[in-house]
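If you're matching them up, the sequences are chains A, B, C and D in order. The first sequence runs 1 to 401 under UniProt numbering. The second sequence runs 1 to 401 under UniProt numbering. The third sequence runs 1 to 401 under UniProt numbering. The fourth sequence runs 1 to 401 under UniProt numbering. For every residue, glycine included, the Cβ atom is placed at its ideal position computed from N, Cα and C. Notes follow the structure.
There are 4 protein chains.
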Amino acid sequence: MDYVYGPGKNHLFVPGPVNIPEPVIRAMNRNNEDYRSPAIPALTKTLVEDVKKIFKTTSGTPFLIPTTGTGAWESALTNTLSPGDRIVSFLIGQFSLLWIDQQQRLNFRVDVIESEWGRGADLDALASKLEADRSHAIKAVCIVHNETATGVTNDLAAVRQLLDKYRHPALLLVDGVSSICALDFRMDEWGVDVALTGSQKALSMPTGMGIVCASPKAMEAAKTAKSVRVFFDWNDYLKFYKLGTYWPYTPSIQLLYGLRTALDLLFEEGLDNVIARHSRLGKATRLAVEAWGLKNCTQREEWFSDTVTAVVVPSYINSADVVKRAWTRYNLSLGLGLNKVAGKVFRIGHLGNLNELQLLGCLSGVEMVLRDVGYPVKLGSGVAAAAAYLRNSTPMITSRI
Amino acid sequence: MDYVYGPGKNHLFVPGPVNIPEPVIRAMNRNNEDYRSPAIPALTKTLVEDVKKIFKTTSGTPFLIPTTGTGAWESALTNTLSPGDRIVSFLIGQFSLLWIDQQQRLNFRVDVIESEWGRGADLDALASKLEADRSHAIKAVCIVHNETATGVTNDLAAVRQLLDKYRHPALLLVDGVSSICALDFRMDEWGVDVALTGSQKALSMPTGMGIVCASPKAMEAAKTAKSVRVFFDWNDYLKFYKLGTYWPYTPSIQLLYGLRTALDLLFEEGLDNVIARHSRLGKATRLAVEAWGLKNCTQREEWFSDTVTAVVVPSYINSADVVKRAWTRYNLSLGLGLNKVAGKVFRIGHLGNLNELQLLGCLSGVEMVLRDVGYPVKLGSGVAAAAAYLRNSTPMITSRI
Amino acid sequence: MDYVYGPGKNHLFVPGPVNIPEPVIRAMNRNNEDYRSPAIPALTKTLVEDVKKIFKTTSGTPFLIPTTGTGAWESALTNTLSPGDRIVSFLIGQFSLLWIDQQQRLNFRVDVIESEWGRGADLDALASKLEADRSHAIKAVCIVHNETATGVTNDLAAVRQLLDKYRHPALLLVDGVSSICALDFRMDEWGVDVALTGSQKALSMPTGMGIVCASPKAMEAAKTAKSVRVFFDWNDYLKFYKLGTYWPYTPSIQLLYGLRTALDLLFEEGLDNVIARHSRLGKATRLAVEAWGLKNCTQREEWFSDTVTAVVVPSYINSADVVKRAWTRYNLSLGLGLNKVAGKVFRIGHLGNLNELQLLGCLSGVEMVLRDVGYPVKLGSGVAAAAAYLRNSTPMITSRI
Amino acid sequence: MDYVYGPGKNHLFVPGPVNIPEPVIRAMNRNNEDYRSPAIPALTKTLVEDVKKIFKTTSGTPFLIPTTGTGAWESALTNTLSPGDRIVSFLIGQFSLLWIDQQQRLNFRVDVIESEWGRGADLDALASKLEADRSHAIKAVCIVHNETATGVTNDLAAVRQLLDKYRHPALLLVDGVSSICALDFRMDEWGVDVALTGSQKALSMPTGMGIVCASPKAMEAAKTAKSVRVFFDWNDYLKFYKLGTYWPYTPSIQLLYGLRTALDLLFEEGLDNVIARHSRLGKATRLAVEAWGLKNCTQREEWFSDTVTAVVVPSYINSADVVKRAWTRYNLSLGLGLNKVAGKVFRIGHLGNLNELQLLGCLSGVEMVLRDVGYPVKLGSGVAAAAAYLRNSTPMITSRI
């Protein structure tokens, strides 16, 4: 049943799907249940309440949709916008590109603000557009918080500041797929109108649950949005929320119990500690890359991502060979370079339920792979740089002190 | 973590989600994997090929979509039809009602052919419509093979015969959610253009995979269909099928391995044997209902469903009390009556990975519940009737002879 | 990986190993851990404390030994007795026979008090022996609380009364393998000196943990007992109990977590409720047997076992055919007749994490099998008799009211 | 249910219990079964046959005993020897000490040949004893193949050569607990009479199965051995082997399926490849230790163990602090120093289902811990040394080429 078994653990360092902690795997190891019995609504009630915490919202309305991130995108857009609506969207890498493609196919008029891959959203361009838009034709600003393809984190607080500065009423729709539960994310404080993530990212669950959270303003917009939607329609959920039965169609029983445990683990560690851990692992990875003498695809420190690092390989190396070699020889799964950066970067995902020694094992593997493909890295150099930082920053495990 | 623990096994007899066999639970008990490694495409390739067998098609193109049955419906409709298209749809119970609601919200012009709940699709009405439609304005006939709310199985071969008789080119779209892998279903022979099911039904897996299969004619229609779709767009899948990487977005690794095992189990038992088992269990259930002196919601034998039986309770009993009592006292999960038949029927789901003694345990439980709620059933009467039939029809377990 | 797969659940009604509840399976679904870290001793401490409750003892010392019931027997004997010691032991069925065989091979002088199989321990004979033994040569009385081969429960309180009546200091060693956690068992009140069970019986876990509990008097005896023992030596455990590390050799991490959950489930249901449930299921089974017109192997009501029922088949039937047929046709696992009653009885185990509808499913299966092998049972008769009783005695599930 | 949860994977590097591969965890994730049905004997038959391969024997008789390594020791001794028998046993560390303790308590007359801890068995002393023993009073030579406490591997072939040289008929009893399935072991070629291991070591399963294999000569000795034994008596097994039902008492169903998968994985990788992998990881670990400027507890290269490395810390450091720190800060589980070397060494277990990057993650963790406790190791130095070696010696993963 394992198509390509290799000894020992697979070292999973793609930026999703990520490692699932054992307690979550255990929680999901179960038979189906009747989702119309009192048990599942009682469980769901706790989930809908607690999931708000990962968005840092008290006023938002969450939806746990049996879909992927792509579906969550569609849910965010179709519930708040109408065909023909003008929206502003930032193109900075493969995932923002795909979202824009979706926006266009859903018949919105998309003002694309493009940046070079490796750079963050061009906020000056946004400022110009907002300033120029006296008639408030722009209905929404869509932004990927963390572009997984290039390891770029955008500054959401700055986006909010611009919207406020120009008193612009556009909705702020945020793809938090590779950020929420890992990076600092403040839905209420930053005035995010729709935020979304997928279960297989920093929540460290299997794929299959798109988690979307809507602000009161977004909920209001949903009342008049004319985009055609049925499966993704929030109203169908709201009807069942009112009934207290929660589900317009069958949820995955396993993912509900999995989410319960995933949230319990996050809260046990402390969400801020989780974010600090990601910061620590991200920094350590970047120190290793520097020690190897390689370039980070991300061009400036302000955009450095703490969940994924895209590493630029020298021009004489095909980064796909790095990824292939890692998997075929060291049971290490790295992320490919996508689209414009295909062949040029490989990616180290460092998000989800992950610790220091797992990362260092990965880094030592990358070092060996780099040598294998002809890059003269000094073995141990990246590990040393990362370890030096980690040793000074890793806290004791609270439950073990 | 179990909100309402009760001793012993839960007896799960709702018509979905159904019991998951242990080998499938085991196969899914795993960490995530990189879905871009060679392993997952290799696995997917076998799934896409083998899943055709459950549809009895060789020419169909299957899509394994991370969604539920509701999403699979949307996929079937939006990929083959354009807004404003006229379609014929049969309303015979809650699930056909919900599909029609979706069809209308997706802006198709729906000719609804309604039957009394408990009766099958009115094929005479269909014949009239087809005969009258010389201009071929009707673009699709939509039919639920097995209406889960009333336990009614429609005659798909007869629908095909009508379409052929009138040489009508309308697409035939079939909801096989509670039929495929359980009832006789022949996609190619019956000229079904889109057939669909959900993982949590007769496949006996968790919820989360909508399985849609499109005929060459449906694939052709998809090229010109103008319905807006992104998440559900077959073209995005086809692009990745061609690349051999299969996935436009992240699949659930666990469900892929689960499907592999679910198919293996079906093929080991033999699909025709699986269908015969459902026929046996369905018949046994109906014999019990008869022995109890209760009415089957399904009005005629030709519509009897082998996957779910809706039992009409006497007017002095609220069927919701039957369901509640079953759960609170006997750890037995039965299906509620829905909508028009709420309070009037309760449902026994007998689909998926289930055997004779499980059903007899359920039937004995129903007998006790009926007495509990005031219906003077003779204890053992239904079990006896069912057992008498089962004893004569149950084959030896092949692997154990 | 399943050598003889059959559709649906296996109906497991052998008197051990028994059905494991899902929460216990989940708890054991884990990697190994360092048993010398602080975590495992912390867990073990709760187990050693809480396991006393299933023995109803406050003064006993429990040992959780990586072995089976046979090993637990050996532990009980070798830690308290010396070679050549005279002991009294009751032979009433296959398991008491095996224990006596062990006692003899361990070089004790065993006074065997034999009863016809199907009868309980001959307490009059014990009385005579105790009365005659003025010199207190008898060092121990060994008794199987519940003889699994014949479905006979012995009266331990009466044994204690006799020992007290004759002021006899003999140790009272009790095999509680198929009784503890299922039948009324009171270690302290009945003055039991060593009691033991196995994890795969009423605790509803996998095989692999022999649970032995020693009274202060037994602990005292252990100081001078001269039987050779190492693996089973309680002293090795005591040494590590004192150190707070608990384990003289590596325990099964999985069984420790499994036991934790098994105890949690028992306490959640309430030990007395668990015992009442077994009483209910035992009575229901016997009513079915009576309705079938078959004889219980147990000759008198006072010895009826609430954990296993041995059913005598008519002389023209081989009970092994019943067991074989049940398995090969109905996926039902029944217990064979053993030794003297081989071919004459089959056994229905009704212990562990089991509920009413599971039992009724089993009983309906037995009815079909009986017909298959030529016994003219009226289908539904046993189920009806059992259900009539169960309907009046089954409580609501507390967590669901 | 996790008493001391920490984020990410636990890095388990104690020399047992070791990491269980996911396929084995999956295989064990199951309900109980009737062990007297035809299924379990059919499964057991394959196990008893295939397990011989890990001993490299064709003539041996294996026993799969529900016990630990300590029980397996007892089984080896009591089945082949009689009280008062003279045996030679090597004391070179904590586990050989414990076995000798057992030998003495079982009333054998033990000639202890002691070595300094960190040195291998003194074969010269053995030679003298064998030469002197013209009367063949020595009935057995007992040797621990790999002393887990000090990381010392003894030369079994040399022991056999001595026995042959002096034509001495003593049985050769070998503790292969931390060697079999990891180190080169050749039962038939080396004339080992009893070899044994435990499931939680290189087989990478949970604790609970003691695997003992007896040569024809040992089987012959078992016929006359007078040591008292019941639970551990091979004869009870042989009786059931003959019957084809295999089990004198209830086995763990889960461990049987687990063993099946564990063997399948070993054979898929190839036993010689598994041994080569251990050799590679052992060498890499020693290179790291050297790079750190620390001493291996093992005094000479000929005794270096490929399954565990005991690292001597400077006198100003307490090795228990290394172990504690590793666990409380880095989720890394290392082995304590035991008895004579307590406080002086910590141990890195590198056996079982483990790969290169897991080891490198561990080594990087050890480096950080060493710094934490005040040893001025150069971070990355050990990892670099290990990686340099591994990069040149690690083969491609066969299934992925």
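Contact under 7 Å by Cβ, residue i with residue j
i: Thr250 of chain D; j: Gln200 of chain C; result: yes
i: Ile130 of chain A; j: His168 of chain A; result: The sequence as given places Leu at residue 130 of chain A; Ile does not occur at that position. Taking 7 Å as the Cβ cut-off, Leu130 of chain A and His168 of chain A qualify as a contacting pair.
i: Asn355 of chain A; j: Gly8 of chain D; result: yes
i: Tyr389 of chain B; j: Ala225 of chain B; result: no
i: Ala288 of chain C; j: Gly382 of chain C; result: yes
i: Gly349 of chain C; j: Leu360 of chain B; result: no
Simplified DSSP state of residue i, which is helix, strand or coil
i: Arg280 of chain D; result: helix
i: Met1 of chain A; result: Confidence in Met1 of chain A is poor, its pLDDT being 44 and thus under 50, which makes the residue's placement too unreliable to answer from.
i: Leu171 of chain A; result: strand
i: Ala262 of chain C; result: helix
i: Leu64 of chain A; result: strand
i: Arg347 of chain D; result: strand
i: Leu359 of chain D; result: helix
i: Lys201 of chain D; result: coil
i: Ser135 of chain B; result: coil
i: Glu269 of chain D; result: helix
i: Val313 of chain C; result: coil
i: Val14 of chain D; result: coil
Proximity test, Cβ basis, 7 Å: residue i and chain D
i: Leu370 of chain A; result: no
i: Asn32 of chain B; result: no
i: Pro216 of chain C; result: no
Cβ neighbour criterion (16 or more within 10 Å) applied to residue i
i: Thr150 of chain A; result: buried
i: Gln267 of chain D; result: Reading off the sequence, residue 267 of chain D comes out as Phe, not Gln. Counting Cβ neighbours within 10 Å, Phe267 of chain D comes out exposed, since fewer than 16 surround it.
i: Ile397 of chain C; result: buried
i: Asp272 of chain D; result: exposed
i: Arg391 of chain D; result: buried
Min CB distance residue i to chain C below 7 Å
i: Pro376 of chain D; result: no
i: Gln358 of chain B; result: yes
i: Pro206 of chain D; result: yes
Minimum C-alpha distance to residue i - residue among the options
i: Thr70 of chain B; options: B:His145, B:Ile40 and B:Gly198; result: B:Gly198
i: Phe240 of chain A; options: A:Ile180, A:Val48 and A:Tyr5; result: A:Val48
i: Val14 of chain D; options: D:Leu259, D:Asn339, D:Leu294 and D:Gly335; result: D:Gly335
i: Phe346 of chain C; options: C:Val369, C:Gln104, C:Leu357 and C:Ile92; result: C:Val369
i: Arg277 of chain D; options: D:Thr394, D:Glu114 and D:Ala27; result: D:Thr394
i: Arg371 of chain A; options: A:Ile253, A:Asn146 and A:Gly293; result: A:Gly293
Contact with chain B by residue i, beta-carbon distance below 7 Å
i: Leu106 of chain C; result: no
i: Asn331 of chain D; result: no
i: Arg391 of chain C; result: yes
Min CB distance residue i to chain A below 7 Å
i: Glu74 of chain B; result: yes
i: Ile397 of chain D; result: yes
Residue i CB to nearest heavy atom of the ligand NAD below 6 Å
i: Leu334 of chain B; result: Absent from the structure shown: the ligand NAD. Ligands present: none.
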